[in-house]
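Numbering (full-length UniProt numbering), first residue to last: 1 to 179.
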């Protein structure tokens, strides 16, 4: 509604007629008359599943290794889905330079944040409001143990499983390779 109220919405092509405020209002009114059916998926089984689901979208890279089929003669071949052609899986080959260029389009520039906190955990509130909340709920100011857990230990504690195990076979361990 912010952009609508400030007349910052732009309409092109087949919907350019919506620039006329009365036609736009008419469309909005007709939408309010419709009965909307909202499909909501059933809730996740547990917190671990929620973390797993969100992690796929917030911490993944532009293309996973299992989609890269081969790298030879300066060409990268990978699988992709063509949603315009019935969701068919296809193969594409690109020069290494073009592949890297396209990959880097998905890398956020310095200073950009993928996940932003809001409400009590927003940057402006974190130090003041969070302290007040802890005081009002009789929560200790810092409940973290002096010996902090490593990221792996914390993930194991939160999910109840060894996160270093390969997600496919469940046997091999994932290790960061040195360049």
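Glycine residues also receive a C-beta, built at the ideal position from the N, C-alpha and C atoms.
Everything numeric in this text was worked out from a predicted model, so none of it was measured.
| query | result |
| --- | --- |
| Does the pairing of the stretch 82-93 with the stretch 107-116 give three or more beta-carbon distances under 8 Å? | no |
| For residue 82, write down the residues that DSSP places opposite it in a beta bridge. | 88 |
| With a Cβ-Cβ cutoff of 8 Å, do residue 75 and residue 93 count as a contact? | yes |
| Looking at residue 127 and the ligand MN, is the gap between the Cβ and the nearest heavy atom below 7 Å? | You won't find the ligand MN in this model; it holds no ligand whatsoever. |
| Taking all protein chains shown into account, do 16 or more other C-beta atoms lie within 10 angstroms of the C-beta of residue 99, making it buried, or fewer, making it exposed? | buried |
| In whole angstroms, what separates the C-alpha of residue 168 from that of residue 80? | 20 Å |
| Let's test the definition: count the other Cβ atoms within 10 Å of the Cβ of residue 78 and tell me whether it reaches 16, buried, or not, exposed. | buried |
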